[in-house]
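Residue numbers (the numbering used here): 222 to 856. A virtual CB, placed ideally from N, CA and C, is assigned to each residue, including glycine. Small disclaimer: the values here were computed from a predicted structure and weren't measured.
Take a look at the structure:
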């Protein structure tokens, strides 16, 4: 049964498994561990551990029946698929110098994977590579992956990283196990069906080092009973750091698997239960005490790590459903209302509030949410307002007209069905309001649109927003990289994607890239930009891989009122914008304490705007999206 009922969580992390020894009575194995023990699945060997192909051939020739744990008929296909993860024999060593052992290992690996595939198992656990040489192991796994169905292969990796200042005499023999994983998956060409099962040990690396794994394709965390401490009542518990790590696994859809012998003699009401039941109860306790997923997170679950093409707001008219989604973002419009209210009070002193009418233009009015925010701000501040609502989408104008008539705003609001860049206004505005920002700030052509509309703003007029800045940071995002790679072309690697970043590792804090200010005092200047950024990878992170860059923005609406998505200052509970992701065609490996040098360009011509990007250190990447050949935003 699941660990608990956490509101909004339907992910696989609700299910906890147990690692078992070989048992040729699989139905009884499931009864004792699932029905009686309370676990959801077993990680069980499929083959008798004493089996060696070379010995069988000597004794029986080619007629031997492989010593698997029973027939496929002892369980239903649904039971095999839902309740069993195959555990590949731990003795195999495909890089052994002993040729007989190496050949036996290759043969056994292929036989066991073939049997697991026959059973329609969802995953198999591969043993950790032995020693520092594993090229042949990776080669055989890569061969298997080429012909595999949908089954996942979980490579067991011990969670080890020795700190640089370690004085442990044994530390020279230990490695950063992330390097082991990275080398193995590079040999397998980042195959999407190769994942990680982390072996959690009693000591943990630094938080920065642990953080790397949340951007990798980790499917399971095997927690040995050796990791558990004993509380004052004699029950098993985990250290604060282990608890935080397990909670992180739950939040990233990583399943927990308990392994090892029982080290605590705890009975439930005097009844002898499964030897690891007290450990399962503790893991369930950690899961159940987590806060429920907020309503907004539940709505966005389906968008986590899902690549979406950015909008083309000038070339395409938005659909009703898109407007509907954006209009539900109450936080955004509250911020706009606050900004407009402050601007009205600064613009018109209290003693002139009844005699002065402020002209406010909403450019890109859509179906009217900013018009409503402006009128509410006027009512709140007791200021008189005249509103022009400019919108190019004729379908949205229909809705806008209905709204104005329904609310009785005909004497206050004038609707202009026109592109703001070509409209000739009959009077100039005191305040110009827009919501043209994209996930990267300027990527939906806010600078070009507002520069075009600036001609009908008074010399001392106010623009809301008044400025916005884009931000970038290097990230590990294995899932996003594999999703882009699946298209098998350069075009998708040279496209920026809107994405709700979740299973990512943020390797260095975001840095500002491009800033635009409105009104723009130098209109004859260009909106092209270039920026070189240098990111430092902390020493205690260890080595890492960069799959691309996460992009965000921060906007000043007016005065001290801002909104944005840059993680350190992000507006809480706002969902109109996800991050943007700029992929790299070839991931860049970085060493601890090293610098990453990145170049970004914003390029323009009369018909389109596009970005180009590349990495020049620690290694050279190709220049992405030259001349906007793959991705651009049309003017």
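Same chain, Cβ closer than 7 angstroms to residue i, neighbours up to 5 away in sequence not counted
i: residue 590; result: 548 and 554
i: residue 625; result: 631, 634 and 636
i: residue 536; result: 855
i: residue 390; result: Any reading at residue 390 needs caution, since the residue's pLDDT is 36, under 50, leaving its predicted position unreliable; the model's value is listed next. The answer is none, since no qualifying residue turns up.
i: residue 673; result: 641 and 642
i: residue 544; result: 587, 588 and 617
i: residue 487; result: 455, 456 and 499
i: residue 699; result: 436, 437, 438 and 768
i: residue 740; result: 675, 678, 682 and 684
i: residue 833; result: 822, 824, 844, 845, 846 and 847
i: residue 706; result: 411
i: residue 795; result: 550, 552, 553 and 784
i: residue 604; result: 565, 569, 574 and 579
8 angstroms contact criterion, which residue i and residue j should meet: CB distance rounded
i: residue 361; j: residue 330; result: 6 angstroms
i: residue 349; j: residue 379; result: 6 angstroms
i: residue 751; j: residue 822; result: 5 angstroms
i: residue 467; j: residue 439; result: Their Cβ separation, rounded to whole angstroms, is 13 angstroms, which puts residue 467 and residue 439 out of contact at 8 angstroms.
i: residue 562; j: residue 601; result: 5 angstroms
i: residue 498; j: residue 225; result: Not quite, the Cβ-Cβ distance comes to about 15 angstroms (not below 8 angstroms), so this is no contact.
i: residue 223; j: residue 261; result: 7 angstroms
i: residue 372; j: residue 344; result: 6 angstroms
i: residue 840; j: residue 757; result: 16 angstroms between Cβ atoms; not a contact.
i: residue 803; j: residue 660; result: With 8 angstroms as the limit, residue 803 and residue 660 do not qualify as a contact, their Cβ atoms being about 11 angstroms apart.
i: residue 375; j: residue 290; result: With a Cβ gap of about 19 angstroms, residue 375 and residue 290 do not count as contacting.
i: residue 420; j: residue 377; result: 6 angstroms
i: residue 325; j: residue 275; result: 5 angstroms
i: residue 671; j: residue 658; result: About 10 angstroms; that fails the 8 angstroms criterion.
i: residue 738; j: residue 687; result: 7 angstroms
6 angstroms CB neighbourhood of residue i in its chain, flanking five on each side removed
i: residue 696; result: 725, 727 and 771
i: residue 837; result: 818
i: residue 760; result: 813 and 814
i: residue 528; result: 704, 718 and 720
i: residue 683; result: 564 and 652
i: residue 797; result: 547, 550 and 553
i: residue 607; result: 578 and 580
Residues that DSSP places opposite residue i in a beta bridge
i: residue 832; result: 823
i: residue 804; result: 769
i: residue 221; result: This structure cannot speak to residue 221, because the chain is shown only from 222 to 856.
i: residue 857; result: Not covered by the structure: residue 857. The range shown for the chain is 222 to 856.
i: residue 722; result: Looking at the DSSP assignment, residue 722 forms no beta bridge with any residue, so it has no partner.
i: residue 418; result: 377 and 441
Counted within 10 angstroms of its Cβ, other Cβ atoms place residue i as buried (16 or more) or exposed
i: residue 255; result: buried
i: residue 444; result: buried
i: residue 393; result: Bear in mind that a pLDDT of 43 at residue 393, under 50, signals an unreliable position, so the number given afterwards is only what the model happens to contain. Residue 393 is exposed by the Cβ-count criterion.
i: residue 257; result: exposed
i: residue 382; result: buried
i: residue 694; result: buried
i: residue 482; result: exposed
i: residue 308; result: buried
i: residue 645; result: exposed
i: residue 680; result: exposed
i: residue 477; result: buried
i: residue 623; result: exposed
i: residue 268; result: buried
i: residue 365; result: buried
i: residue 715; result: buried
i: residue 743; result: exposed
i: residue 629; result: exposed
Proximal residues to residue i (C-beta, below 8 angstroms), its chain only, five neighbours per side dropped
i: residue 227; result: 235, 508, 509, 511, 513 and 514
i: residue 692; result: 731, 732, 733, 734, 772, 773, 774, 775 and 787
i: residue 685; result: 557, 560, 561, 564, 652, 653, 654, 655, 778 and 779
i: residue 503; result: 449, 456, 457, 458 and 459
i: residue 447; result: 422, 423, 481 and 484
i: residue 614; result: 538, 539 and 587
i: residue 388; result: Here residue 388 scores only 37 on pLDDT, less than 50, and its place in the model should not be relied on; the value that follows carries that caveat. Answer for residue 388: no residue qualifies.
i: residue 842; result: 805, 806, 807, 809, 835 and 836
i: residue 170; result: This structure leaves residue 170 out entirely; the chain is present only between 222 and 856.
i: residue 749; result: 822, 823, 824 and 825
Residue i beta carbon near the ligand PLP (any heavy atom closer than 7 angstroms)
i: residue 725; result: Within the structure as shown, the ligand PLP is missing, as the structure has no ligands at all.
Any C-beta of chain B under 8 angstroms from that of residue i
i: residue 334; result: Here chain B cannot be found, since the structure has a single protein chain.
**Request:** Assess, as a yes-or-no matter, whether the region 573 to 583 is touched by the region 647 to 658 under the definition of 3 or more beta carbon pairs within less than 8 angstroms.
**Result:** In this structure the region 647 to 658 touches the region 573 to 583; the number of beta carbon pairs closer than 8 angstroms is three or more.
**Message:** Contact between the region 303 to 320 and the region 351 to 359 is defined here as three or more beta-carbon pairs at a separation below 8 angstroms; is this criterion met?
**Reply:** The region 351 to 359 and the region 303 to 320 touch, with three or more beta-carbon pairs separated by less than 8 angstroms.
**Message:** I'd like to know if the region 423 to 434 and the region 762 to 769 are in contact, where contact means that at least 3 CB-CB pairs between them fall below 8 angstroms.
**Reply:** Flag = yes, the region 423 to 434 and the region 762 to 769 touch.
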